[in-house]
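Beneath this line is the structure, given in structure tokens, with notes to follow.
Residue numbers (the working numbering), protein chains in the order written: chain A, 1 to 370; chain B, 1001 to 1081; chain C, 2001 to 2428.
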């Protein structure tokens, strides 16, 4: 027979940045919340995220969600553990074509209410003297920031706990019986469930396709002041979001510690978590092309992670098709940290039967049932 | 038994035997090799390249382990103390 | 120099020197890698003021047919070989066989005041002094456990230090029982007696350990727990080491299976020193702390086996087994007092790279969760100090190894073979 039964208004499964945000939001609205997490808080894709809060404008739905979420991130600007640092984002143009395209992006961002402007080559080198010579200019988004995702997740879980949420740490959900969750120690939790297990989604919700898109990160020792903004190449979308099985893009971040975090790589077919020397080499060569002085810096660690990726690149936020009292929030790929807070508000609105502030239709999991 | 090597630590001239480590040269000038992330003073702990407490700047290159680096004539060493 | 060797030896201490020389004597093309600027490892480390021991000089003299790759630090494992960093740039070195002679490091345990300048390991201060660290006229307190304390005291005295005392945590009854066992090991007894004679006049206190260190800009005073109460001593330098733990990071990255004696891993090997990975052997401390004699014998054995001369290796086994028994005797008698596990207080820094206190680590049950939430183990030492200490303290085992094995230049990890000379990062 199953063990104890506890009942909740919402059972959040998974304590990555998405699950933690949802638990925080639900508890803030007075719901009785359970959180189930078998591993460390924020130990999955959250631990492999750069923590860059960035408005990507290539998909209007994604931009709406990011923009909505970014407003809520402002509340973390003074939360110490978040390590919130408003370094701004500087997109670098290699040539005049890329710089011309930057103008179009600035218009899109400004329309959405995001402050952004084109900078010429002179201004670019004033902003970032370490950039390689010969670049055409860039696109500056001055109010964007970086955070430290695992500690934010930990903070959100603790805040939910302080409002009465119950954390089932080290416990795994084995099955989703009708209106509840069955844990691996025999405990049965009763109530609506919200599955936020990222790459592990198919274990509980096999009808929703999800793949892990592997990435590598390298972090250096402390070199304060060498890089000042989150730096990306304007060709990022072509490099990183292309359909090639593996790709790299220039993506470098100054941590508040003075360390420099270097990305990014994407691989679809890689399934093991081992560091791939050839991917690291490609990724670093790309970063040297933009910031040559990186070559001399000491790397302290290299690690990998998997971005939870849906077939169309948009997250699942909504009711699980064909089920009762089952909800899903997963599949944010590389934008989970940016969109976590907005996703949580939208998600809990849906759970409570309220109208979300932005249109939830683009994220509805029902699109997979069609 | 060995020749002396002249170098500079924090701008001060130092002389140590050839084959000595940068750590030995720094210790003649200061016992504060680096400042920790919470701003406390640190000096070598393990003496064998493991603990990274002895990191200094050598000829402009940051984060060099003083205990693993042999002195050379004219070397410029800077500590973070 | 070629970038491929029949036999590549990682570590140029006594085990690695014996392995390289033996393999070369069988006609193999041998490379001997070490991160230090000179061969010798820890025990035969170059001393700027004193001549090396005869055995060391003999070992160095037999390297004529070996490529000695000093200041070569192994930073990563790739499918075609080891990624190595040198002062001049990076190299990829491939091999037919690989002998891991990566030695050991000191076990350093946190206590209040251990981050003060002037507080070092015991073997640590010995190593520093050999490389010219000024100890002449300094008042030195040596503490911790094991025979290394006596060897360190001997070196420091020869360099002019005033050794105020040696404080061994093992209780008197146990150390005396160990001393009685020495009659079965006459050569060891002679060594031990010689060492004690040279250290005549230096107090050797048993059942005693450092409780805390005090000071401002550096250590000034130390509190020592003795069987008869707490004793305070003024000093200039405090050297504390609790024995040795094997260096297994390279082996772990290669995928070699580990064995555990207590909380610290060593490389798992069979009778002929073969690891669980084909073509990879481990000799000396990497396969479990055994001391100098074991290292030299196992180095020679590995050199034989790696070149297909197993019979010659078998011939050394009885002698090796006898020396391993002495190592076991040592570790049994110098086992750590459980009170040492409670030295660190909530306010004591455990992770010295990221300044994380023991109190901040309360409630975590594994290294990864603690690291994500507190940064413990995220710094340049990659958890070698704090992770090993936390494992010894019974908190949680250290995380597995990850590349780079040691912090390495990005250029090296990018596979660049030479460094640009003009755009080094200046200043911070």
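Beta carbons: idealized from backbone N, C-alpha and C, even for Gly.
*Given that a residue counts as buried once 16 or more other Cβ atoms are within 10 Å of its Cβ, and exposed if not, what is residue 2014(C)?*
buried
*For residue 2046(C), go through chain B and note every residue whose CB falls closer than 9 Å to its CB, in chain order.*
1019
*Cβ-based burial, residue 115(A) [other Cβ within 10 Å; buried from 16]*: Its Cβ having fewer than 16 others within 10 Å, residue 115(A) is exposed.
*The alpha helix (DSSP H) enclosing residue 327(A), as first and last residue numbers*: Per DSSP, residue 327(A) belongs to no alpha helix (DSSP H); it is in the beta strand (DSSP E), 326-330.
*asked:* Applying the 10 Å Cβ sphere with the 16-neighbour rule, what's the burial state of residue 304(A)?
replied: buried
_Residue range of the unbroken beta strand (DSSP E) whose run includes residue 2005(C)_ = 2004-2010
*Listing by chain order, which chain A residues have their CB less than 7 Å from the CB of residue 1062(B)?*
223
*Could you tell me which residues DSSP puts in a beta bridge with residue 1959(C)?*
The requested residue 1959(C) does not occur in the structure, where chain C is confined to residues 2001 to 2428.
*By how many angstroms is the C-alpha of residue 295(A) removed from the C-alpha of residue 119(A)?*
26 Å
*Leaving out five residues on either side along the sequence, give the residues of the same chain with a beta carbon under 6 Å from the beta carbon of residue 2031(C).*
2005, 2008, 2067 and 2069
_Need the endpoints of the beta strand (DSSP E) that residue 125(A) sits in, please._
Boundaries around residue 125(A) are those of the alpha helix (DSSP H), 121-127, since no beta strand (DSSP E) includes it.
*Straight-line CA distance for residue 2365(C) to residue 91(A)?*
41 Å
*My understanding is that residue 2333(C) touches residue 2084(C), with C-beta atoms under 8 Å, so please give their C-beta distance in whole angstroms.*
Actually they are not in contact, since the Cβ atoms of residue 2333(C) and residue 2084(C) sit about 39 Å apart, beyond 8 Å.
*Check whether residue 1031(B) and residue 2118(C) have beta carbons under 8 Å apart*: yes
*Quick one: which residues of the stretch 2365-2392 of chain C get their C-beta closer than 9 Å to a C-beta of chain A? List them in chain order.*
2365, 2366, 2368, 2369, 2370, 2371, 2372, 2373, 2374, 2375, 2378, 2379, 2380 and 2382
*Ordered list of beta strand (DSSP E) runs contained in the stretch 2058-2098 of chain C, each at least 3 residues*: You should have 2066-2069, 2073-2078 and 2081-2086.
*Could you name the residues of the same chain whose beta carbon sits closer than 7 Å to that of residue 2405(C), not counting the 5 residues immediately before and after it, in chain order?*
Excluding sequence positions up to five before and after residue 2405(C), its CB lies within less than 7 Å of the CB of 2074, 2075, 2076, 2249, 2250 and 2253, all in the same chain and listed in chain order.
*Closer than 8 Å, CB to CB, is residue 128(A) near chain C or not?*
no
*asked:* Pairs of beta-carbons, one from the stretch 2256-2269 of chain C and one from the stretch 2024-2041 of chain C, closer than 8 Å: are there three or more?
replied: By the C-beta criterion, the stretch 2256-2269 of chain C is judged not to be in contact with the stretch 2024-2041 of chain C, since fewer than 3 inter-stretch pairs fall below 8 Å.
*Opening and closing residue of the alpha helix (DSSP H) in which residue 2155(C) lies*: 2148-2158
*residue 2360(C) - partner residues in DSSP beta bridges*: For residue 2360(C), which the question treats as bridged, DSSP gives no partner whatsoever.
*Inter-residue Cα distance where the pair is residue 2427(C) and residue 1033(B)*: The predicted position of residue 2427(C) is uncertain, since its pLDDT is 39 and thus under 50; a value taken from the coordinates is nonetheless stated next. One C-alpha to the other measures close to 15 Å.
*Looking at the unbroken beta strand (DSSP E) that takes in residue 262(A), where does it start and where does it end?*
259-267
_For residue 2220(C), the three-state DSSP class (helix, strand or coil)_ = strand
_Is it buried or exposed, residue 2298(C), if we count other Cβ atoms within 10 angstroms and call 16 or more buried?_
By the Cβ neighbour-count rule, residue 2298(C) is buried, with 16 or more other Cβ atoms within 10 Å of its own.
*Within its chain, find whatever has a CB closer than 8 Å to the CB of residue 357(A); leave out the 5 residues flanking it on each side and keep chain order.*
68, 345, 346 and 349
*Any idea what DSSP makes of residue 2106(C), helix, strand or coil?*
strand
_Does residue 2325(C) come out as helix, strand or coil in the three-state DSSP assignment?_
DSSP, read as helix, strand or coil, puts residue 2325(C) in helix.
*Could you please give the first and the last residue of the uninterrupted beta strand (DSSP E) stretch that includes residue 318(A)?*
316-319
_CB contact below 8 Å: residue 2098(C) versus chain A_ = no
*Have a look at residue 51(A) and residue 263(A) and give me their C-alpha separation to the nearest angstrom.*
Distance between the alpha carbons of residue 51(A) and residue 263(A): 12 Å.
_Can you confirm whether the stretch 119-133 of chain A touches the stretch 220-239 of chain A when touching is taken to mean that 3 or more C-beta pairs between the two stretches lie within less than 8 Å?_
yes
*Report the rounded CA-to-CA distance for residue 2201(C) versus residue 2131(C), giving the unit in angstroms.*
The straight-line gap from Cα to Cα measures roughly 26 Å.
*Contacts of residue 2403(C) in chain A (Cβ-Cβ under 7 Å)*: 275 and 302
*asked:* Cutting at 6 Å between CB atoms, please list the residues of its own chain near residue 378(A), excluding the five before and the five after it.
replied: A query on residue 378(A) cannot be resolved here, the shown segment of chain A reaching from 1 to 370 and no further.
_Simplified DSSP assignment, three categories, for residue 110(A)_ = helix
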